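I have placed the structure first, in the form of structure tokens, so that the comments after it can refer back to it.
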């Protein structure tokens, strides 16, 4: 029983960053953009927060730095992708590569292989005690002692659902994504909406990077994201851009990552193979979703005939 509880508890741990990236990427997706740079934006968020915390010893300043850099990255992506009409995929990959390069350069300059920020503050932020809620049988141990941003990521599902489908901004984002001509005809500033959609995504990715680097690992290395941004893109695609559906896939991928880690610890002889579980799961899910959508399309066509 303890092993099962550990798997589900760790699944929340792994799902938090995936959810933040997924929900962030949804806004660009709804505005008819593919933000391949989710991974790089998350990596930049983890890098700058760890670097600032290392020198200032203030998590607040580190968090503000992550926010400011996220806004800058959102503006950078939007300038090239929206204003200059550059290819979104190439722009996104450029940000991903830049994030890795900058991180490695700074680590080399510091003469270190990582930026270690472990302290009493980061320990407290990594595991928030829910008090009496944490004592509830089975459920308590699963949800207790997670980071604030992990809890926030699940609340964010409902916030994003509300914003996208019950606010003027959300309506504008969806109109721009569905028909730019229609958006123009009713006076919507297309570029402004796209800029805001990308910046919101960049902010949530930076929060994910902060969560991993500060709250979870208390350390930065150029590989801390472990493909989380790309997993988020898969979740967005599988959920067809719907916040609730995409979040369910993000949770599924988080659970698969937890299974891989915990089984690897228990069965060390095939640890390398078990660590492939999350990525195999993504391939299977993407394939099944693709087949289902194709059949639905053909079936609708058949009915029209």
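Residue numbers (our numbering): 25 to 329.
Quick reminder that beta carbons are idealized off the backbone N, C-alpha and C, glycines included.
Given the structure is predicted, the values throughout are model-derived calculations rather than measurements.
Cβ separation of residue i and residue j, assumed to be a contact under 8 Å, to the nearest whole Å
{"i": "residue 123", "j": "residue 71", "result": "7 Å"}
{"i": "residue 231", "j": "residue 255", "result": "Not a contact, Cβ separation roughly 16 Å."}
{"i": "residue 68", "j": "residue 93", "result": "6 Å"}
{"i": "residue 172", "j": "residue 152", "result": "6 Å"}
{"i": "residue 310", "j": "residue 258", "result": "6 Å"}
{"i": "residue 55", "j": "residue 217", "result": "6 Å"}
{"i": "residue 302", "j": "residue 47", "result": "Rounded, the Cβ-Cβ distance is 19 Å, inconsistent with contact."}
Status (buried if at least 16 other CB within 10 Å, exposed otherwise) for residue i
{"i": "residue 147", "result": "exposed"}
{"i": "residue 125", "result": "exposed"}
{"i": "residue 181", "result": "buried"}
{"i": "residue 249", "result": "buried"}
{"i": "residue 163", "result": "exposed"}
{"i": "residue 235", "result": "buried"}
{"i": "residue 37", "result": "buried"}
{"i": "residue 239", "result": "buried"}
{"i": "residue 325", "result": "Note that residue 325 has pLDDT 37, beneath the 50 cutoff, so the model's placement of it is unreliable and no number is given."}
{"i": "residue 161", "result": "exposed"}
{"i": "residue 273", "result": "buried"}
{"i": "residue 321", "result": "Caution is warranted here: a pLDDT of 49 is assigned to residue 321, below 50, making its placement in the model unreliable, and no coordinate value can be reported."}
{"i": "residue 186", "result": "exposed"}
{"i": "residue 282", "result": "buried"}
{"i": "residue 51", "result": "buried"}
{"i": "residue 263", "result": "buried"}
{"i": "residue 237", "result": "buried"}
{"i": "residue 156", "result": "exposed"}
{"i": "residue 132", "result": "exposed"}
{"i": "residue 107", "result": "exposed"}
{"i": "residue 149", "result": "buried"}
{"i": "residue 134", "result": "exposed"}
Sheet register partners of residue i (DSSP bridge)
{"i": "residue 244", "result": "139"}
{"i": "residue 170", "result": "152"}
Three-state class that DSSP yields for residue i in the structure shown
{"i": "residue 152", "result": "strand"}
{"i": "residue 291", "result": "coil"}
{"i": "residue 109", "result": "coil"}
{"i": "residue 191", "result": "coil"}
{"i": "residue 305", "result": "helix"}
{"i": "residue 115", "result": "helix"}
{"i": "residue 260", "result": "helix"}
{"i": "residue 42", "result": "helix"}
{"i": "residue 249", "result": "coil"}
{"i": "residue 222", "result": "helix"}
{"i": "residue 200", "result": "helix"}
{"i": "residue 213", "result": "coil"}
{"i": "residue 265", "result": "coil"}
(request) Scan the stretch 44-107 and note each continuous alpha helix (DSSP H) run of 4 residues or more that stays entirely inside, going in chain order. (result) Complete alpha helix (DSSP H) runs here, min 4: 62-80, 83-102.
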